[in-house]
Amino acid sequence: MDLSLYRAAIEGKVDIIRQHMTNLEHQLTPNNNTVLHVAAMFGNTECANEILRYSPSLSCRVNIQDDTPLHIAARNGCSGIVEALVKCTTIDEEWVGAGKEMLRMLNKENDTPLHEAVRNCRFDAVKLLVEEDPDFSCPANKAEETPLYLASEKGYDKLVSLILETCTEPAYNGPDDLHGWTPLHFAARFGYASIVNQLLEADKSLGYIADNDDKNTALHIAAGHGHIDVMREFFEHCPDCCEMVNASGRNFLHIAVEHDQTRATGYILGQCAIVISLINQKDIHGNTPLHLLATSSYPALRLISHSGADTNAFNKANLTPMDDSFLLPI
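1 is the number of the first residue of the sequence shown in UniProt numbering; add one for each residue after it.
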């Protein structure tokens, strides 16, 4: 790329850019960045507007990573340039059809500009993108991440809300990895109660999805990490998911006890309508939550003294929770 043009795009010198208007299409950096890419990198909105006036076709040009200028502007949070790019394809008759194509273009990681904006928590850029194309059910990238998944995993509750409120069909899926966690699993893991609330309000069926390995639901995950505020959201939106057990046959009370979550266990025991069906439920080894106390540091008295607890329940090793010789099989 011509040195004076490159510097002009970096420093925002529009007058110098005008001197190169007849040759912009062929000016490239070693990574195939156009002058519009460079303006987006450095957030020079005035330069971007001027370039788009004369060469709107540069809006869809890709660099060596298949990034468009919109990918770069969204990643860097240059909302002025994001807006300029969106307006360019809606105002210029020749490029009206390219608008949605540009918004949906994938780079080499299969990221859309929306992925980039969400990953870097660029609220204004996300707002512009989803409002311009609300019907786009954004696909997962190579890492199987959707924008909603990224926002949930990172705890960006305002972005979760924006996506759920604006997009007509947001994709809820997440990576098909060793865990197979959904956005709800991640929100539950990190205690993002506000995000859990929004996800369940949008689609309560998410509360019944188990992961790939241990078949834990998001409620199991919340119980294992002691997130009481998150558990409340499940009781409010899908209370019957409390009945679900994981691959070991354990309900979420089992999990809270197993992971020494004292406060969470106490909270669950206070939910009278729920705890009756959980407190004596046996896992695949025949162990009730009481049996798990044998390997837990949880103060046993409250659980043992609960009116519904069967302290004489036998597991498959023919042991009760009260046996001094009890050793939990793992």
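Note that CB positions come from ideal geometry on N, CA and C, so glycine has one too.
Secondary structure of Ala-171, DSSP reduced to three states: Here Ala-171 sits in coil by DSSP.
Limits of the alpha helix (DSSP H) - the one that Gln-198 falls within: Segment 193-202, the alpha helix (DSSP H) holding Gln-198.
Where the alpha helix (DSSP H) containing Ile-51 begins and where it ends: Start and end: 45-54.
Separation of Leu-253 from Asn-246, as counted between CA atoms: Answer to the nearest angstrom: the Cα atoms are 12 Å apart.
Spatial distance of Ala-202 from Asp-213 (CA atoms): Note on geometry: alpha-carbon atoms of Ala-202 and Asp-213 lie some 26 Å from one another.
Burial state of Asn-76 (16 or more Cβ within 10 Å): Under this definition Asn-76 is a buried residue.
Where Met-105 falls: helix, strand or coil (DSSP): Here Met-105 sits in coil by DSSP.
Simplified DSSP state of Phe-240, which is helix, strand or coil: One point to set straight first is that residue 240 is Asp, not Phe, in the sequence displayed. Assignment of Asp-240 by DSSP, reduced to helix, strand and coil, places it in the helix class.
CB contact flag (Val-130, Ile-81, <8 Å): Taking 8 Å as the cut-off, the beta carbon of Val-130 is found no closer than this to the beta carbon of Ile-81.
Pairwise C-alpha distance: Thr-168 and Tyr-6: The straight-line gap from Cα to Cα measures roughly 41 Å.
4-residue-minimum alpha helix (DSSP H) runs that sit fully inside the segment 108-167, ordered along the chain: Counting only runs of 4 or more, we get 113-119, 123-132, 147-154 and 157-166.
Neighbourhood of Gly-224 by C-beta distance below 6 Å, restricted to the same chain and skipping five residues each side: Within the same chain, Gly-224 has close Cβ partners Ile-255 and His-259.
Limits of the alpha helix (DSSP H) - the one that Met-41 falls within: Unbroken alpha helix (DSSP H) run through Met-41: 35-41.
Exposed unless 16 or more other CB atoms sit within 10 angstroms - verdict on Thr-112: Buried: at least 16 other Cβ atoms inside 10 Å.
Selected residue, minimal CA-CA separation from Thr-68, among Asp-240, Arg-53, Glu-50 and Gly-99: Selected option, being the one with the closest Cα: Gly-99.
DSSP-derived helix/strand/coil call for Ile-218: Rather than Ile, the amino acid found at residue 218 in this sequence is Ala. DSSP places Ala-218 in helix when its eight states are reduced to three.
Minimum C-alpha distance to Asn-31 - residue among Leu-106, Ser-57, Cys-47 and Asn-63: Residue Asn-63 is the option with its Cα nearest to Asn-31.
Asn-63 - DSSP class collapsed to helix/strand/coil: In the structure shown, Asn-63 sits in coil (DSSP, three-state: anything other than H, G, I, E or B).
Glu-165 burial status per 10 Å Cβ neighbour count (16 or more: buried): Counting the other CB atoms within 10 Å of its CB gives Glu-165 a total below 16, which places it among the exposed residues.
Span of the alpha helix (DSSP H) around Arg-189: It spans 183-189 - the alpha helix (DSSP H) in which Arg-189 sits, taken as one unbroken run.
Which of helix, strand or coil DSSP assigns to residue 335: The question about residue 335 has no answer, for the chain in this structure spans 1 to 330.
Cβ-heavy atom distance, Thr-68 to the ligand SAM, below 7 Å: Within the structure as shown, the ligand SAM is missing, as the structure has no ligands at all.
Spatial neighbours of Tyr-208 in its chain, beta-carbon cut-off 6 Å, leaving aside the 5 residues before and after: Cys-241.
Cutoff 6 Å; reference Met-231; Cβ partners in own chain excluding five residues on either side: Closer than 6 Å at Cβ, skipping near neighbours: Ala-222.
Where Lys-282 sits in the DSSP three-state scheme: If DSSP states are grouped into helix, strand and coil, Lys-282 belongs with coil.
Collapsed DSSP secondary structure at Asp-260 in the structure displayed: Correct three-state label for Asp-260: coil.
Cβ shell of Ser-161 (< 7 Å), same chain only, five flanking positions each side left out: So the qualifying residues of the chain are Gln-198.
Rounded distance between the beta-carbons of Leu-70 and Met-41, thought under 8 Å: 12 Å between Cβ atoms; not a contact.
Burial state of Asn-23, where buried means 16 or more other Cβ atoms lie within 10 Å: So Asn-23 ends up on the exposed side.
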